[in-house]
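**Q** My questions all concern the structure below.
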Amino acid sequence: MTTNSRSLRSLTTALSSAWTALSGDLRRLILIGFVEITAVNFYASLLMPYYRSLGYGSEVAGALTSVLQVVGALVAVGAGFMADNLGRKKLYVAGQLFRCAAVGLLMVTRSYAGLVLISAVRGLASVQTPAQSAIFASHTRRENRATLYGLYQTAAQAASVVAPLLAGFLADRFGVMASFGTGLLLACVAVAIAVPLRDGTQVEPAAKEAESVTPVVEIIAPPARETVGKRISRMFKENRPVTLSALLASSLTNGLANGATNILLPFMIMDRFSSAYATVSASQAVGAMGTMLVLLIGGRIADLRGRRGVVLVSGAIFPLLMVGIFAVNALWQLLAILFLITMAGNISSPAVSAVYMEAVGDKDRATFAGLQMSLQNTGMALGSIAAGIGYKFSSFWSWVAVIILFSLQLPLYALAIPRERGK
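Residue 9 is where the sequence shown starts when you use our numbering, and the numbers rise one by one after that.
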């Protein structure tokens, strides 16, 4: 039997046993994630060409995206703190309801003021994310956490492969409102699926988490009340401050780069190739496909070999592949480059997710996730505005800045992720 065959068999066996051992809540979270990402793609993948159809350029698109990220940044820290203190399910469902409201508003307004309001409501939907991250982590153990993150993210990316293509087809054939309406329907379905979800917190054993045989989840009383500042201060004292600081700096850097990319890529496609909804959404589908193919592999490698190696190798290769964007002369070439870039960049995504959740104890996970998300959203807000303005002056130098920002994550992860014994 070849090495590849043994690796594939090991991955299949691990996934089969992991799925069988999943709690009902964790399976429900994976299903909700699939439905939610499908819903989001039915409207978010079409927003850039939709803005252009209304007569707005890259600078306006950047400003609207920045509003989304600024609001998300403002609510994230408070959302994580409230989730750890008041209950995670409440915040989780609240974010889902804001998402439904955003799509509903998108279907009834076309004014600039209305689009700003929609972006703000979409930002409020991020109140869900810290609670979601903490709930997911509480249902996993260290030895299988990256694998299960890979499973969860693969399901989400599978939705991101199909949904943008269907959304683009519906928009070009029946009008963009058909796609928005489908997104609203699916967002409501996700809320219904989330209703039975338990609001539990993992009870950590006195020994190391890895010694636990199965994740233990039960309803417990909220911890003693703390202010946000005191909780964050204590969180840094009880954990490795260098690790937390480097991870948060990486979140800011990643946000800057991704925020800029989210503006540069669709406008590059619309200006050089086509403004059709299906064409723009196809690039997102290709990127999602590249990501989907490597997440499970990356998660399994991270659990078996350690987080550090897969994260650093990915962080070194990914920016180098991005240089290929400058050689693109045809749409198929751009899609091929995107496919390779997303494979190289996202194979480490499960490992990175695990690293963030393992940096602090369970009682602080939603708070740390909120802090991390706040900095990432802040970066995305600044990156979106900068890219929207910079694209008008020089697409080339805007892409150079993005590549440099992505490259900066490598030394930060090297500082944040310790070497693991025997790995």
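From the three backbone atoms N, C-alpha and C, an ideal C-beta is built for every residue, glycine too.
For clarity, every value in this text was computed on a predicted model and none was experimentally measured.
In chain order, what are the residue ranges of uninterrupted beta strand (DSSP E) at least 3 long that sit wholly in the segment 232–296?
**A** Those beta strand (DSSP E) runs which fall completely within the segment 232–296 and span 3+ residues do not exist here.
**Q** In three-state terms, what does DSSP make of Leu346?
**A** Leu346 falls in the helix class under three-state DSSP.
**Q** Pick helix, strand or coil for Ser406, following the three-state DSSP scheme.
**A** Ser406 falls in the helix class under three-state DSSP.
**Q** Name the two residues that bound the continuous alpha helix (DSSP H) containing Thr137.
**A** It spans 137–146 - the alpha helix (DSSP H) in which Thr137 sits, taken as one unbroken run.
**Q** For Asn49 and Ala171, which I take to be in contact (beta-carbon distance under 8 Å), what is that distance rounded to the nearest angstrom?
**A** 4 Å between Cβ atoms; contact.
**Q** For Tyr59, which residues of its own chain have a beta-carbon under 6 Å away from its beta-carbon, when the five flanking residues on both sides are left out?
**A** Excluding residues within five positions, the ones whose Cβ falls inside 6 Å are Ala69.
**Q** In angstroms, rounded to a whole number, what distance separates the CA positions of Ser53 and Met297?
**A** When rounded, the distance between both Cα atoms is 15 Å.
**Q** Using the Cβ count rule (16 or more neighbours within 10 Å means buried), how would you classify Ile240?
**A** That one is buried.
**Q** Count the CB pairs spanning the segment 237–251 and the segment 393–412 that are closer than 8 Å, and state whether there are at least three.
**A** Segments in contact, no.
**Q** Within 8 Å, do at least three Cβ pairs link the segment 371–391 to the segment 71–87?
**A** Taking 8 Å as the limit for Cβ pairs, the verdict is that the segment 371–391 does touch the segment 71–87.
**Q** Output the boundary residues of the alpha helix (DSSP H) element that contains Gly314.
**A** No alpha helix (DSSP H) contains Gly314, which DSSP labels as neither H nor E.
**Q** Within 8 Å, do at least three Cβ pairs link the segment 280–292 to the segment 332–345?
**A** Touching, per the Cβ criterion.
**Q** My output table needs one value for Glu217: the three-state DSSP class, helix, strand or coil.
**A** Low local confidence applies: a pLDDT of 42 at Glu217 is under 50, so the model's placement there is unreliable, with the coordinate-based value given in what follows. Glu217 falls in the helix class under three-state DSSP.
**Q** Here's the rule: buried if 16 or more other CB atoms are within 10 angstroms of the residue's CB, otherwise exposed. What is Lys97?
**A** Flag for Lys97 reads buried.
**Q** Any idea what DSSP makes of Leu54, helix, strand or coil?
**A** DSSP places Leu54 in coil when its eight states are reduced to three.
**Q** Am I right that Ala145 and Met381 are in contact with their C-beta atoms under 8 Å? What's the rounded C-beta distance?
**A** Not confirmed; about 14 Å, so no contact.
**Q** Within 10 angstroms of the Cβ of Ile412, are there 16 or more other Cβ atoms? Answer buried if so, exposed if not.
**A** The residue in question, Ile412, is exposed, as its Cβ has fewer than 16 Cβ neighbours within 10 Å.
**Q** May I ask you to report which of helix, strand or coil DSSP gives Asn337?
**A** Coil, per DSSP.
**Q** Whole angstroms are fine: how far does the CA of Gly378 sit from the CA of Val135?
**A** Spanning the two alpha carbons is a distance of roughly 9 Å.
**Q** Taking 8 Å as the limit between beta carbons, can you name the residues of its chain near Arg36, skipping five residues before and five after?
**A** Excluding residues within five positions, the ones whose Cβ falls inside 8 Å are Ile201, Ala202, Pro204, Leu205.
**Q** Can you say whether Pro223 is buried or exposed, counting buried as having 16 or more other CB atoms within 10 angstroms of its CB?
**A** Here the model assigns Pro223 a pLDDT of 41, short of 50, so the residue's position is not dependable and the matter cannot be decided.
**Q** Applying the criterion that 16 or more other CB atoms from any shown protein chain within 10 Å of the CB defines a buried residue, is Phe414 buried or exposed?
**A** Classification for Phe414: buried.
**Q** Using a 10 Å radius around the Cβ and a threshold of 16 neighbouring Cβ atoms, would you call Glu44 buried or exposed?
**A** So Glu44 counts as buried.
**Q** With three or more C-beta pairs closer than 8 Å as the rule, is the segment 179–196 touching the segment 104–112?
**A** Flag = yes, the segment 104–112 and the segment 179–196 touch.
**Q** Taking a contact to mean a Cβ-Cβ separation below 8 Å, would you say Tyr160 touches Gly353 in this structure?
**A** No, Cβ-Cβ distance for Tyr160 and Gly353 is not below 8 Å.
**Q** By Cβ distance below 7 Å, which residues in the same chain neighbour Ala167 in space, the five residues on each side in sequence not counted?
**A** Excluding positions up to five away in sequence, the list reads Phe42, Ile45, Thr46, Asn49.
**Q** Return the residue from the list Leu418, Ile397, Pro419, Tyr421 that minimises the CA-CA distance to Gly65.
**A** Looking at the Cα atoms, Ile397 is the closest of the given residues.
**Q** On the premise that Pro57 lies in contact with Tyr285, defined as a C-beta separation below 8 Å, what is that separation, rounded to the nearest angstrom?
**A** Contact flag correct, Cβ pair sits at about 5 Å.
**Q** Spatial neighbours of Thr299 within its chain, please: CB distance less than 6 Å, with the 5 preceding and 5 following residues excluded, ordered by chain position.
**A** For Thr299, where only same-chain residues beyond five positions count, the Cβ hits under 6 Å are Gln165, Thr350, Asn354.
**Q** Quick one: Cα of Leu348 to Cα of Leu328, how far?
**A** If I take the Cα positions, the gap works out to 11 Å.
**Q** Taking C-beta to C-beta, are Ala359 and Val318 nearer than 8 Å?
**A** Yes, they are a contact pair.
**Q** At which residue ranges does the segment 178–205 contain complete beta strand (DSSP E) runs of 3 or more residues, listed in the order of the chain?
**A** The segment 178–205 contains no whole beta strand (DSSP E) run of 3 or more residues.
**Q** First and last residue of the alpha helix (DSSP H) that includes Arg130?
**A** It spans 120–132 - the alpha helix (DSSP H) in which Arg130 sits, taken as one unbroken run.
**Q** Nearest CA to the CA of Cys356: which residue from Arg153, Gly307, Leu252?
**A** Reading off the sequence shown, one finds Ser at residue 356, where the question assumed Cys. With distances taken between Cα atoms, Ser356 lies closest to Gly307.
**Q** Can the beta-carbon of Thr162 be found closer than 8 Å to that of Leu39?
**A** Cβ distance not < 8 Å, so Thr162 and Leu39 don't count as in contact.
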